[in-house]
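Chains as they are written, first to last, in this note's numbering: chain A, 1 to 239; chain B, 1001 to 1141.
Ideal Cβ placement from N, Cα and C applies to all residues, glycine included.
One structure is given below, encoded as structure tokens.
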Amino acid sequence: MSVLEEKARALIKSVIETYESIAEGFSATRKSPWIEVLKPLGDVLGKTVLDVGCGNGRHLLILAKRASTVVGIDPSRNLIKIAKTRINKLRLVDRAMLVIADALFMPFRRASFDSIICIAVIHHIPTKKLRRRAIIEIAETLKNNGLVVISAWYRWQRRLLLEVLKSFFLKLVNKVFEFGDTYMPWSSRGMKYKRFYHLFTLKEMEDLLNHSQLEIQGLKLVAIGSRRWMNVVATAIKR
Amino acid sequence: MRLMDLLACPMCKKFPLKLLIFRVEERDKPKELPSKCPLYCALKSGWVKDVKPTDDECLDCFSKEIVEGLIICEECYRWYPIIDEIPHMLPDDLRLMDPDEELEFMNRWIDKFPKEITESGRPFNEESLREYRVKKGRRRS
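Pasting the structure below:
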């Protein structure tokens, strides 16, 4: 690994460590699924679906009502434990399964899933190179003609203006890899944590997917919830 | 157990992987069969096309929950623990970052680890376990 790659990998480790520490509080704020983002996936009746970066399992639980098998992966052991408790409580054990895993090292055979979702995950991966690798891993895991829905936080929204400005100056002094990189704060029990984000543009998402076997079907901004949090959402098919 | 039809080694991508069951719990069978594994049957340790599991056997498989077990890659000698029903399939660097849970698992089940994994398993083997035991002993005293 080059120095740059090592730096990027270290940053991913710090994001995972942060999620391990904030898992409970974070999960409490992520109760409802992003229905708006799941919509392009269509009906998953009878399908085998993978949720990459499933967190506390909020999307998994919805998908398990229709799909024949849903598998959720996340590198945070603590978030997976929360997801496991919820699956047990809702008696979805026959359909929903969990694996502790890293999206950059997918633990699945080629072409094993009909559909894949990757919601609010890819923006935690630093550098274009590693994001491309994650997309290639996703594409490999997907069956031919399988559908994938990928979302990331959108850069150009007013509430992130300060973050974007900060990122611009951090890039000027080479403290981040790219313009768009930023560290978002999270406070919990008197502790302050920072998580790495790369805030996306539509063009970046398009470029990212064009570097894989995935063919873009839809690419748009989706406003989520009453706070209208803006996300870049891409739908693509494996060819 | 049905995950074995999907799981491959995250490092070398070998499929299928070998499964050793250490502790299993029985649970209610589903009324209808939710799905059948398309490729590999871990219950009968073979390709579906060869071992041809019946629907009854598949229902039986749904009633078995592996609580603790070991997943082994026979290609690269990596091993992955199943702890509290969840397979831990992280790449080496993330396992080395936070090794205690997996080494504690190894310590608990070492008698059931196959010899070649104890000797040359990756990223943890008998040497890592020895170091872990020394560290643990020190913590206690």
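* Classify Cys1009/B as buried or exposed, calling it buried when 16 or more other Cβ atoms lie within 10 Å of its own Cβ. => So Cys1009/B ends up on the buried side.
* To do: Could you spell out the range, first to last residue, of the alpha helix (DSSP H) harbouring Arg77/A?
  => Per DSSP, Arg77/A belongs to the alpha helix (DSSP H) from 77–89.
* **For Gly190/A and Val70/A, the rounded distance between their alpha carbons** => 36 Å
* Asked: When the cut-off is 7 Å and only beta carbons count, does Phe105/A lie next to chain B?
  -> yes
* Within the 7 Å Cβ cut-off, does Ser68/A reach chain B? -> yes
* In chain A, which residues lie with their C-beta within 8 Å of the C-beta of Met1011/B? -> Phe105
* **Beta-carbon separation (whole angstroms), Asp114/A vs Val49/A, contact threshold 8 Å** => Confirmed, Cβ separation roughly 7 Å.
* Can the beta-carbon of Pro1099/B be found less than 7 Å from the beta-carbon of Phe105/A? -> no
* Asked: Is there contact between the region 161–170 of chain A and the region 78–85 of chain A, where contact requires at least three CB pairs shorter than 8 Å?
  -> no
* Asked: For Asp181/A, which beta-bridge partners are listed by DSSP?
  -> His198/A
* Mind listing the chain B neighbours of Arg95/A? Cutoff is C-beta to C-beta under 7 Å, in chain order. => Pro1034
* Put Glu1032/B into one of helix, strand or coil per three-state DSSP. => Coil.
* **Rounded C-alpha distance that separates Leu1033/B from Lys39/A** => Rounded to whole angstroms, Leu1033/B to Lys39/A spans 27 Å at the Cα level.
* Does any C-beta atom of chain B lie closer than 7 Å to the C-beta of Asp114/A? -> no
* What are the start and end residues of the beta strand (DSSP E) that includes Lys1064/B? -> 1064–1072
* **Spatial distance of Leu63/A from Gly72/A (CA atoms)** => 11 Å
* Limits of the unbroken alpha helix (DSSP H) element including Trp34/A -> Neither: Trp34/A is in no alpha helix (DSSP H) and is coded neither H nor E.
* Helix or strand or just coil, what does DSSP make of Trp156/A? -> coil
* Alpha-carbon to alpha-carbon, Lys1029/B and Trp34/A -> 32 Å
* For chain A, find out if any of its Cβ atoms is closer than 7 Å to the Cβ of Met1097/B; answer yes or no. => It does: the Cβ of Met1097/B has a partner Cβ on chain A nearer than 7 Å.
* Within 10 angstroms of the Cβ of Arg1027/B, are there 16 or more other Cβ atoms? Answer buried if so, exposed if not. => exposed
* Roughly how many angstroms separate the alpha carbons of Thr1118/B and Leu1020/B, rounded to a whole number? -> 14 Å
* Asked: Roughly how many angstroms separate the alpha carbons of Ser1120/B and Glu1126/B, rounded to a whole number?
  -> 8 Å
* With a CB to CB cut of under 7 Å and the five nearest residues on each side skipped, what residues in its chain are close to Leu209/A? -> Ile135, Ile216, Ala234, Ala236
* Is Asn56/A near Ser21/A, with beta carbons less than 7 Å apart? -> Result no, Cβ atoms of Asn56/A and Ser21/A do not sit closer than 7 Å.
* In the DSSP assignment, find the unbroken alpha helix (DSSP H) run with Asp1100/B in it and report its ends. => 1100–1109
* Looking at the C-beta of Val99/A, does it have a partner C-beta in chain B at a distance below 7 Å? -> yes
* Asked: How would you list, in chain order, the residues of chain B whose beta-carbon sits under 8 Å from the beta-carbon of Pro126/A?
  -> Those do not exist, as Pro126/A stays about 15 Å from chain B at its closest Cβ, beyond 8 Å.
* Who pairs with Val1051/B in a beta bridge, going by DSSP? -> Partner(s): none; Val1051/B has no beta bridge.
* Which of helix, strand or coil DSSP assigns to Cys1076/B -> Three-state result, Cys1076/B: coil.
* Could you check the C-alpha separation between Gly90/A and Phe1062/B for me, to the nearest Å? => Checking the displayed sequence, the identity of residue 90/A turns out to be Leu instead of Gly. About 17 Å.
* Asked: Distance, Cα to Cα, Leu170/A vs Leu219/A?
  -> 29 Å
* **For Thr1118/B, the first and last residue of its enclosing alpha helix (DSSP H)** => Segment 1115–1120, the alpha helix (DSSP H) holding Thr1118/B.
* Find the residues of chain A that neighbour Leu1003/B, judging by a C-beta separation of less than 8 Å, and give them in chain order. => The contact set of Leu1003/B on chain A, defined by CB atoms closer than 8 Å, consists of Val71, Met97, Val99 in chain order.
* Asked: Residues of chain B with a CB under 9 Å from the CB of Leu84/A: which are they?
  -> Here the sequence assigns Lys to residue 84/A, which means Leu is not the residue at that position. What Lys84/A touches in chain B: Asp1084, Glu1085, Ile1086.
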